[in-house]
Structure formats: C-alpha cells, structure tokens
Amino acid sequence: MADIRPRPAARGTANRRTGGGRLRVGVWHRPAVLNLISDALLLVATAMIGYALVTWLAARPAFQLREVTVLTPPAQVSAEQLQYAARSAVKGNFFTVDLVQVREAFEKLPWVRRAQVRRHWPDTLEVRLEEHQAVAYWTVNDSGDTRLVNRQGEVFVAASNAHMPAFLGPEGYAGYLLANYARFSELLAPMGRELVELGLSAREAWQLTLDDGLVIRLGRDREKAHVEERIARFVATYPKALAKLPEPMTVAVVDLRYPNGFALLPAGDKKAVESKK
C-alpha cells in the first residue's frame with residue numbers, strides 16, 4: 001500500500017500566517033477596499049471630464065459679452081472714462097470675465113468711490129457706481145498738495161472748481177477737520193459770516209478764515225479755555241468791541257488765544273489792539 005504523506009503548502013501563496021497565528025490577507029483579496037479605490041478613481045475622472053466640458057462650453061462664441069451697462073447715471077465721471085475702464089478691464093466671455101478686475105478698473109477713475117459689478121444673463125455686465133461727493137478742498141501742510149475731501153472725510157484726487165471751504169492740516173487729519181468745520185460754523189453762525197478756510201497746525205492749533213477775509217487765531221484747545229468758550233465769547237462781544245474803538249478800522253486778525261479776552265489786529269498794521277472782557 002502506498003504511503004500517504006501530507007503535501008506542504010506552495011510557496012508564494014497570498015495567504016500567510018504571522019508569527020502570532022493570524023492570517024494576513026493582501027489588498028487584492030479585499031473587495032471593499034478595491035471598490036472604494038475604484039469609486040474614487042471614477043469620481044476624479046468624472047470631475048476632470050466635467051471640468052473640461054464646462055470650460056469648453058464657456059469658451060463658445062455664444063457666451064460672448066456684448067454690453068456693459070452702468071445702472072447709476074454718473075454726475076462727475078464722463079462717458080469717455082467709463083468706456084476706457086470697460087475696454088481695458090473686460091476680457092473673456094460671460095463666464096470667464098474677472099469681476100474683481102473690472103470693479104478695480106472702475107474704482108480707479110476719478111470721482112468713483114466704490115463700484116459694484118455683476119453678470120446679467122445672457123451677455124451683459126451691470127455696473128453700479130458710488131461717486132465721491134466733495135465738500136472741501138484739502139491741502140497738506142508739509143507738501144502743499146491739493147486734493148478733495150468727501151462727505152465721509154476721505155481724501156481723493158480729482159479736479160473741481162466748486163465753491164467749497166479749504167482745509168489745511170497734517171496728513172491724515174482731513175476727517176478731523178471736517179467734523180470740526182461743522183462745529184465752528186455753527187458757533188460762528190450768529191455773526192452771519194461763512195467759514196471759508198480752516199487750518200490746523202502740526203501742534204494742533206486752529207486758525208479760521210471768514211468770507212470777509214477776517215482771520216481768527218483760535219490756538220489750541222485747552223482745559224481752562226476751550227475753543228467753544230473762546231468763540232462764543234468773541235461772537236457775543238465783537239460788535240461791542242468794535243463800537244468802543246476810538247475810530248473805525250478794518251480788522252484783519254482776531255487773536256483768541258487769551259484766557260479772558262481777545263486781540264484785534266488792524267489791516268496794514270502789525271500792532272494788536274487788545275480788548276479785555
């Protein structure tokens with residue numbers, strides 16, 4: 001009778017036992033893992049094909065931009081400036097045009113404070129503009145550069161010949177001067193004069209100029225002599241001070257930097273005439 005002997009397992013089999021007796025299975029014998037990898041590859045391939053298809057469709061001539069419409073009629077920006085901004089920034093078609101680039105091009109135009117750009121199907125870009133509303137001229141003390149100030153106290157570069165007050169002060173103080181201009185104008189209103197120039201020195205000393213040429217040296221705001229108190233005292237007593245002068249004179253400068261009164265400087269005379277309360 002033939003001997004029956006157990007046959008040893010073939011070498012190189014995929015299923016092997018580790019030293020602890022556990023069965024080690026290769027990745028090709030894990031259907032769940034293979035299905036996950038297959039699904040991931042299919043998803044990536046579908047996304048790439050979809051992206052290529054969308055890109056190809058977006059580049060078709062049927063989606064070319066044909067019109068740029070400005071929905072807010074501009075008051076200061078010319079039609080030529082609008083056309084220049086549109087031609088220089090609008091590139092691509094309805095889907096590929098860079099809206100940020102178009103918005104920035106319009107905001108670089110003089111008098112444009114803010115721009116909004118959006119697509120309007122099927123072939124139009126709509127633009128809304130917010131223009132600066134200038135309220136004053138602005139001159140920096142150190143450089144002498146003249147610009148404009150809007151209602152928000154922001155400085156911008158544009159040309160204007162409108163009747164507006166002039167502000168002079170350190171760089172970055174335009175909004176501060178705008179706020180104080182309203183305050184000083186209200187205090188001077190009883191005189192019936194218009195404040196046409198407001199200056200602030202580097203030491204934060206105020207100087208005001210009225211529409212009749214009268215210069216008011218107000219100085220700095222001090223705890224014991226606030227500028228509001230000095231202006232109020234001046235407005236109340238100035239007519240009486242003029243009436244008490246020995247002879248009529250044209251006052252060029254009023255110096256309010258005194259704690260209890262003010263000084264008058266006649267036109268063409270460097271000597272101040274003091275008036276005490």
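At position 200 of the sequence shown the residue is numbered 200 (the numbering used here), and the sequence of numbers has no breaks.
Glycine residues also receive a C-beta, built at the ideal position from the N, C-alpha and C atoms.
{"Asked": "Pick from ARG222, GLY172, ALA166 that is closest to GLY199, judged by C-alpha positions", "Found": "ALA166"}
{"Asked": "Among ARG183, ALA40, LEU264, nearest to GLN241 - alpha-carbon criterion", "Found": "In the sequence on display, residue 241 carries Ala and not Gln. It is LEU264 whose Cα lies nearest to the Cα of ALA241."}
{"Asked": "Cα-Cα separation between VAL215 and VAL127, rounded to whole angstroms", "Found": "46 Å"}
{"Asked": "ASN35, buried or exposed, once every other Cβ within 10 Å from all chains shown has been counted against 16", "Found": "exposed"}
{"Asked": "Separation of ARG30 from LEU41, as counted between CA atoms", "Found": "17 Å"}
{"Asked": "Residues that DSSP places opposite PRO266 in a beta bridge", "Found": "VAL251"}
{"Asked": "Where the beta strand (DSSP E) containing THR209 begins and where it ends", "Found": "206-210"}
{"Asked": "Where TRP138 falls, given that 16 or more other Cβ within 10 Å makes a residue buried", "Found": "buried"}
{"Asked": "Coil, strand or helix - ASN150 by DSSP", "Found": "strand"}
{"Asked": "Where the beta strand (DSSP E) through TYR137 begins and ends", "Found": "134-140"}
{"Asked": "Unbroken beta strand (DSSP E) run spanning VAL196, endpoints", "Found": "195-200"}
{"Asked": "Supposed close pair VAL155, ALA174 - CB separation, criterion 8 Å", "Found": "5 Å"}
{"Asked": "Nearest residue (CA-CA) to LEU99, options LEU177, ALA85, PRO110, ASP212", "Found": "ALA85"}
{"Asked": "Start-to-end residues for the beta strand (DSSP E) that takes in LEU245", "Found": "Careful: LEU245 lies outside any beta strand (DSSP E) and carries neither H nor E."}
{"Asked": "Where the beta strand (DSSP E) containing ALA166 begins and where it ends", "Found": "166-169"}
{"Asked": "Closest by C-alpha distance to MET209, when choosing among VAL251, ARG233, SER38, ALA179", "Found": "The residue asked about is misnamed: residue 209 is Thr in this sequence, not Met. With distances taken between Cα atoms, THR209 lies closest to VAL251."}
{"Asked": "DSSP three-state assignment for PRO237, whether helix, strand or coil", "Found": "According to the sequence as given, residue 237 is Thr; it is not Pro. THR237 falls in the helix class under three-state DSSP."}
{"Asked": "Separation of LEU109 from ALA79, as counted between CA atoms", "Found": "11 Å"}
{"Asked": "Per-residue DSSP class, three states only, for ALA115", "Found": "strand"}
{"Asked": "Whole-number beta carbon distance between GLN133 and ASN161, since they are thought to touch under 8 Å", "Found": "Actually they do not touch by this definition, with Cβ atoms about 16 Å apart."}
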